[in-house]
Structures are given as structure tokens and as C-alpha cells.
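Just add 109 to the spot in the sequence shown (first one is 1) and you have the working numbering.
Glycine included, C-beta positions come from ideal geometry on N, C-alpha and C.
The model shown is predicted, which means the values in this text are computed figures rather than measured ones.
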Amino acid sequence: RGTEEAAPELYGLHGLVLDVARRRELPREQAAALLNLADLDARTGRTREALTRYRAALDAGKAAKDLYATGRAMESVGGAYEELGDYHRAADWYGRALAQRLTQGERADEARLYGRLGAVHTYAGRYGEALRNWRAAASGHRRLGDPAAQARSLSEAARVQEYAGRPHDSLQTCREAVELARSAGDVRLQAALQLRLADTLDRLGDPAAARLHRGAADRLLGEEASAYEIRSASTEN
110 RGTEEAAPEL
120 YGLHGLVLDV
130 ARRRELPREQ
140 AAALLNLADL
150 DARTGRTREA
160 LTRYRAALDA
170 GKAAKDLYAT
180 GRAMESVGGA
190 YEELGDYHRA
200 ADWYGRALAQ
210 RLTQGERADE
220 ARLYGRLGAV
230 HTYAGRYGEA
240 LRNWRAAASG
250 HRRLGDPAAQ
260 ARSLSEAARV
270 QEYAGRPHDS
280 LQTCREAVEL
290 ARSAGDVRLQ
300 AALQLRLADT
310 LDRLGDPAAA
320 RLHRGAADRL
330 LGEEASAYEI
340 RSASTEN
């Protein structure tokens, strides 16, 4: 069942849990129920209602001294503001969530939040802040031993450098990302990065090099398609 189809039933269930938690003055359970209700709002396009509930969940989480609930609520408030196009407030709330994660040493959460900060700063045209956060995200993924995620973060950093009018820097960063994607064995990411390199080289006035990278992307995607066909045939047999 899809989220929208199941939403009325789930609203009723989580609403019942919230009512019980309020009557019994259980702030931790209130926070959990409010987060679940807010997530339903967010997934069904009711972003402003989700924002109100995420803020209420934050208050309940603080009352319960529940670090998970408060961190989750702060990040979700940021996500709601991002969805509404209020990138300044989104960055503020992502920053609050990140500050909490940094005190807890939760590296995967830190890397994700640096990426979310990088994205909203990019949307807002704050390229210096965006680049700093995307590089921090890449460093976080490197420490976690996730070269594919590191490559994706560097790819976004390269995009920001291009937006900021630094195509040569963008080219170098994108090449770093290609090598990481290759080491991770992520063929689709390699191909996407080769195409980004080609576009940048076109803008730098080097169409011959751009054609080479487009050819490399085509070969990568062709190899992946062939490998998929072989796997499918062996599965059928």
C-alpha cells in the first residue's frame, strides 16, 4: 500500500498513541508519536502541518531529555523549511542538528548533515559556505570508508565551484570524484561524473577532450547494460 492510501489509518494509530502519551504525561512517547505524524504530513505534501508537528516533537523531546528525538526533530524542521524554499531557516536548523551530532560523535549523521547544509547553501547561492560543507561531508564519508558517498559529495563540490565561476577547480575536483567512484565500483556514478567533466571541458573550450569523456561515459553505461543482461540470463537459467 502506498503512503497516501495508508495515511488515514496511520494517522489514527499515531494520533491514538499521542492522546495516551499526553494523558499519561509521557514526553518521550509524545515526541515519537509527533515525529510519526509529522512524517506522514511531510510524505503527503502537508509541509506546514509537518513543520508544526516537528516543532512540537522537539519540545517534547527536550522535556524528555531524549537526544535522538531532539536531533531528529531539528533535522526534520530543517527539511520542512528546505521543502518550503526557506533556505536560511533550513540552514539554521540543520546547523543546530549538526552541533548536537558533533557532541555525540555520530559520524554518519554528521556527514549527512554536512551534505544537507551544502545543498541548502547551494540553493541560496552561498557558494563559499556550500563548498565548505560539501568538502566536510566528503571528509566524513572518507573517515567512514564510503568512497561512493565521498565521490558524490565531491561531485556536488565540483558543481558549486562551477556555479562560483571556478571551472578549473571544478575540473580537478570532478577528477578526484571519478577516481573515487572507480575505486567504489559505482559504474553509473562514474558515467555521470564523466559527463560532468565533458560539460565542464566544453565550457573551457576543449571540445575534443569533452568528446573523450562522453565516449567513456557511453562505454561505462554499455558495459553495465551488458553485465545486467548476463546476470538476468543466468538468473533465468
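- Taking the C-beta atoms as reference points, residue 188 is found nearer than 9 Å to residue 151.
- The Cβ-Cβ distance between residue 127 and residue 156 does not fall below 9 Å.
- By the CB criterion at 9 Å, residue 162 and residue 170 fall outside the cutoff.
- The C-alpha of residue 140 is placed about 8 Å away from the C-alpha of residue 165.
- With fewer than 16 other CB atoms across the displayed protein chains lying within 10 angstroms of its CB, residue 211 is exposed.
- Distances from the alpha-carbon of residue 241 to those of 255, 222 and 134 put 222 closest.
- DSSP, read as helix, strand or coil, puts residue 310 in helix.
- For residue 250 against residue 264, the beta-carbon gap comes to about 12 Å, at or over 8 Å, which does not count as contact.
- When the beta-carbon positions are compared, residue 253 and residue 216 come within less than 9 Å of each other.
- Note that the C-beta distance between residue 160 and residue 186 is below 9 Å.
- When only Cα atoms are considered, residue 297 and residue 329 end up about 8 Å apart.
- Of 173, 122 and 158, the smallest CA-CA separation from residue 138 is found for 173.
- Under the criterion of beta carbons closer than 8 Å, residue 206 and residue 238 do not qualify as touching, at roughly 16 Å.
- Residue environment: residue 197 is assigned as exposed (fewer than 16 neighbouring CB atoms within 10 Å of its CB, all protein chains considered).
- In terms of Cβ geometry, residue 309 and residue 276 form a close pair [threshold 9 Å].
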